[in-house]
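S.K.:
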Amino acid sequence: MAMPSARGLFHKAIVQSGSLLEIGEPARGQRLAEAVLKALELGPSDLAKLAEVPPADLVKAGEAARKAMPKPGPNTVNLHWQPTVDGVAIPAQGWSNGAPALSAHVPLLVGSTLNEYSPSQGNPGLEDAGEDQARAMAKVAGAPDGAWDAFRAAHPQARPVEILSRLVSGRFRAPAVVQAQQKAARGAAAAWLYRFDYNPASVLDGRVRAFHCAELAYCFDNVDRCLNATGGTAEARTLAARMADAWIAFARTGDPNHKGLPRWPPVGAGATPNMLFDATCRVVDDPDAKERAALTA
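Using the working numbering, read the sequence shown as starting at 2 and increasing by one per residue.
Below, the structure is given as structure tokens:
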């Protein structure tokens, strides 16, 4: 949306759990490249030798370089291999100072899932984790002081693993909300905001939750192709039909509303309505404002 060469090639934009408000800068990219070369014991004049490096060794070097980079903040998606401002294809940061003027006319649908980070999928024992253990895991993941207490106050009945999941998932959620608000503030085209909350109770005893990319099976109406994640129930199919119709409506008209959903207003001045996609879909204004604020305090 901030690339001049892409202007006119798309008429709508949907961002699903990928709201990067800031991408790579040249200095950071150079530092990462130098770290990879160092791990491979190569120098700047040895670039041609990269083609001879076995893929496994290149991946290992890339991982070592990534770990050597500064850790991201609690509201930042941890990406190092990413598009980088080069002054040509990407002239400047697109979203760090508001929505890009280049694509001001393009409507935006943006959102994330409730449990981008779902730690107990592969470790059922975490379902029984105590408050101290889960709090410590959140701290290791970069959660700021006070964030746990804010999330716990907002969800007093939640299991510790659920608080952990939602807190760490905030690094996807917070920039999605900001991106929608910035787009709305630009005033040239509308922005709609969603959160995918659905947790199929029949899958993994209910611990699958609304994990990263879980919504894809629903918005493309493919729940029966992803039975291990969706359960393939009538409830899941109904949600898929509602979501797919919203995506289709948005692609056609720039407005995701259709008769199968409650009225879904765009983000506007002083209002941040979210469509919460769940067994029962509903619209709530800024449902996690206090939790997001705690992540930036």
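For every residue, glycine included, the Cβ atom is placed at its ideal position computed from N, Cα and C.
How far does the alpha helix (DSSP H) with Phe173 in it extend, from its first residue to its last?
M.R.: Start and end: 171-187.
S.K.: Grab the span of the beta strand (DSSP E) containing Pro300 for me, first residue to last.
M.R.: Nothing can be reported for residue 300: it is not among the residues displayed for the chain, which extend from 2 to 298.
S.K.: Identify whether Trp265 lies in helix, strand or coil by the three-state DSSP scheme.
M.R.: Reduced to three states, the DSSP call for Trp265 is coil.
S.K.: The beta strand (DSSP E) that contains Phe278, what's its start and end?
M.R.: Segment 274-278, the beta strand (DSSP E) holding Phe278.
S.K.: Can you give the Cα-Cα distance for Ala34 and Gln17, rounded to whole angstroms?
M.R.: Whole-angstrom Cα-Cα distance: 28 Å.
S.K.: Since Ala130 and Val162 are thought to touch, with beta carbons under 8 Å apart, how far apart are those beta carbons, to the nearest angstrom?
M.R.: Confirmed, about 5 Å.
S.K.: If you count every other CB in all the chains shown that lies within 10 Å of the CB of Ser121, and 16 or more means buried, which is it?
M.R.: Label assigned to Ser121: buried.
S.K.: Counting Cβ pairs, one atom from each stretch, are 3 or more of them under 8 Å apart for the region 139-149 and the region 239-255?
M.R.: Taking 8 Å as the limit for Cβ pairs, the verdict is that the region 239-255 does not touch the region 139-149.
S.K.: To which residues of the same chain is Ala190 closer than 8 Å at the C-beta, ignoring the five residues directly before and after it?
M.R.: Only Ala105, His106, Val107, Pro108, Leu109, Lys184, Gly255 meet the Cβ criterion.
S.K.: Strictly by DSSP, which residues pair up with Leu1?
M.R.: What the structure shows of the chain is the stretch from 2 to 298, and residue 1 is not part of that stretch, so it cannot be assessed.
S.K.: Below 8 Å between beta carbons: does that hold for Thr85 and Gly25?
M.R.: Against a cut-off of 8 Å, the Cβ pair of Gly25 and Thr85 comes out as a contact.
S.K.: On the three-pair Cβ rule with 8 Å, is the region 262-276 touching the region 191-203?
M.R.: The answer is yes - the region 191-203 touches the region 262-276, with three or more Cβ pairs under 8 Å.
S.K.: Span of the beta strand (DSSP E) holding Asp306?
M.R.: Look at the range of the chain in this structure, 2 to 298, and you will see that residue 306 is not part of it.
S.K.: Output the boundary residues of the alpha helix (DSSP H) element that contains Gln83.
M.R.: Counting along the chain, Gln83 falls outside any alpha helix (DSSP H), and DSSP gives it neither H nor E.
S.K.: Based on Cα-Cα distance, which residue from Leu205, Asp246, Trp248 lies nearest to Leu228?
M.R.: Checking every option, the nearest Cα to that of Leu228 belongs to Leu205.
S.K.: Classify Gly63 as helix, strand or coil using the three-state DSSP reduction.
M.R.: DSSP places Gly63 in helix when its eight states are reduced to three.
S.K.: Measuring only the C-alpha atoms, how far is Leu51 from Gln83?
M.R.: Roughly 19 Å between the two C-alpha positions.
S.K.: Does DSSP put Gly207 in a helix, a strand or coil?
M.R.: Residue state, collapsed to three classes: helix.
S.K.: When the Cα atoms are used, what is the spatial distance from Ser128 to Asp279?
M.R.: In the sequence as displayed, the identity of residue 128 is Glu instead of Ser. About 22 Å.
S.K.: Three Cβ pairs or more, each shorter than 8 Å: is that satisfied between the region 40-47 and the region 56-71?
M.R.: Contact holds: three or more Cβ-Cβ distances are below 8 Å.
S.K.: When you compare each of Ile15, Gln158, Tyr118, Phe152 to Ala142 by their alpha carbons, which one comes out closest?
M.R.: Ala142 has its Cα closest to that of Tyr118, out of Ile15, Gln158, Tyr118, Phe152.
S.K.: How many Å lie between Arg167 and Ala181 at the Cα?
M.R.: Near 20 Å, if we compare the C-alpha coordinates of Ala181 and Arg167.
S.K.: From the DSSP output, which residues share a beta bridge with Gly25?
M.R.: According to DSSP, Gly25 bridges with Thr85.
S.K.: Around the C-beta of Asn200, are 16 or more other C-beta atoms found within 10 angstroms, so that it is buried, or is it exposed?
M.R.: That one is buried.
S.K.: Is any non-hydrogen atom of the ligand ZN found closer than 7 Å to the C-beta of Gly171, if you look at the structure I gave you?
M.R.: Within the structure as shown, the ligand ZN is missing, as the structure has no ligands at all.
S.K.: Exposed or buried, Cys220, counting other C-beta atoms within 10 Å across all chains shown (16 or more means buried)?
M.R.: Result: buried.
S.K.: Are the CB atoms of Arg283 and Arg174 within a distance shorter than 8 Å?
M.R.: No, the Cβ-Cβ distance between Arg174 and Arg283 is not below 8 Å.
S.K.: Could you spell out where the alpha helix (DSSP H) holding Arg160 opens and where it closes?
M.R.: Neither: Arg160 is in no alpha helix (DSSP H) and is coded neither H nor E.
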